[in-house]
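Visitor:
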Ligand SMILES: [Fe+2]
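Residue numbers (this note's numbering): 69 to 253.
Below, the structure written as structure tokens:
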């Protein structure tokens with residue numbers, strides 16, 4: 069299957085790197101430090117990036133999956149829906165933290181709760197990304213022609229090329245040298 073178009077792996081490498089770096093940032097976040105608000109912003113930026121990625125998958129991949137593997141499409145959509153809910157909960161925790169007085173002990177408790185929740189979310193997301201690469205993509209390879217897969221990539225690049233380039237630039241550290249050349253970052 070190595071020569072066939074892979075819709076997931078490259079972008080997911082960037083997501084994995086981004087999740088890991090935000091996890092490390094949150095683990096080191098000190099509520100009384102000057103940089104704390106920026107650390108919360110880093111979580112919000114990642115959640116926005118994940119929304120964008122899910123929108124890309126829902127727009128360009130879901131229709132093909134519904135056509136060729138409807139039995140799998142429903143479960144896949146449910147997974148994405150569950151992540152939307154989990155993201156809402158993380159955003160609510162962020163909002164609560166922004167309102168707390170940093171000198172209050174409750175802020176330290178809340179940031180630890182956010183750190184744990186973010187890492188549970190990350191654990192679920194890592195498994196989801198893995199399923200997409202190791203189960204969904206082989207299913208699409210089995211049921212879609214190269215022309216169909218190429219058409220997905222062409223539409224995606226035409227409509228979301230700027231967003232994709234920004235994503236790859238932002239997460240350039242996730243990639244091997246040859247991947248960076250391929251991605252232009
Ligand atoms: Fe996904």
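Glycine included, each C-beta is placed from N, C-alpha and C at the ideal position. Note that the structure is a prediction, hence the values are computed from the model and not measured.
Taking its Cβ as the centre, do 16 or more other Cβ atoms sit within 10 Å of residue 250, making it buried, or is it exposed?
Guide: exposed
Visitor: Within 6 Å: the Cβ of residue 201 and any heavy atom of ligand 1?
Guide: no
Visitor: Where does residue 228 sit, in a helix, a strand or coil, going by DSSP?
Guide: When DSSP states are grouped into helix, strand and coil, residue 228 belongs to the helix group.
Visitor: In angstroms with no decimal places, state the Cα-to-Cα distance between residue 218 and residue 205.
Guide: 14 Å
Visitor: Taking 6 Å as the cut-off, does the CB of residue 152 come closer than this to any heavy atom belonging to ligand 1?
Guide: Proximity of the beta carbon of residue 152 to ligand 1 is not indicated: no heavy atom of the ligand is located closer than 6 Å.
Visitor: I need the straight-line Cα distance from residue 194 to residue 84, nearest angstrom please.
Guide: 7 Å
Visitor: Can you check whether the CB of residue 170 is closer than 7 Å to the CB of residue 100?
Guide: yes
Visitor: Between the Cα of residue 190 and those of 208, 75, 72, 87, spot the shortest distance and give me the residue it belongs to.
Guide: The candidate whose alpha carbon is nearest that of residue 190 is 87.
Visitor: Jot down the residue ranges of each uninterrupted alpha helix (DSSP H) in the segment 99 to 159, minimum 4 residues, whole runs only, in chain order.
Guide: Qualifying alpha helix (DSSP H) stretches, in chain order: 104 to 124, 130 to 136.
Visitor: Does the Cβ of residue 155 lie closer than 6 Å to at least one heavy atom of ligand 1?
Guide: No, Cβ of residue 155 sits at least 6 Å from all heavy atoms of ligand 1.
Visitor: Any chance the CB of residue 231 is under 6 Å from a heavy atom of ligand 1?
Guide: no
Visitor: Are three or more beta carbon pairs between the segment 154 to 173 and the segment 229 to 243 nearer than 8 Å?
Guide: Three or more beta-carbon pairs separated by less than 8 Å are not found between the segment 154 to 173 and the segment 229 to 243, which leaves the two stretches without contact.
Visitor: Less than 6 Å between the CB of residue 120 and some heavy atom of ligand 1, yes or no?
Guide: no
Visitor: Considering only C-alpha positions, which residue in the set 185, 138, 128 is nearest to residue 151?
Guide: 185
Visitor: Give a yes or no on whether the C-beta atoms belonging to residue 155 and residue 115 are separated by under 7 Å.
Guide: Yes; because the gap between Cβ atoms is below 7 Å, this pair is in contact.
Visitor: Just checking residue 139 against ligand 1 - is the residue's beta carbon closer than 6 Å to any of the ligand's heavy atoms?
Guide: No; taking the cut-off as 6 Å, the Cβ of residue 139 has no heavy atom of ligand 1 nearer than that.
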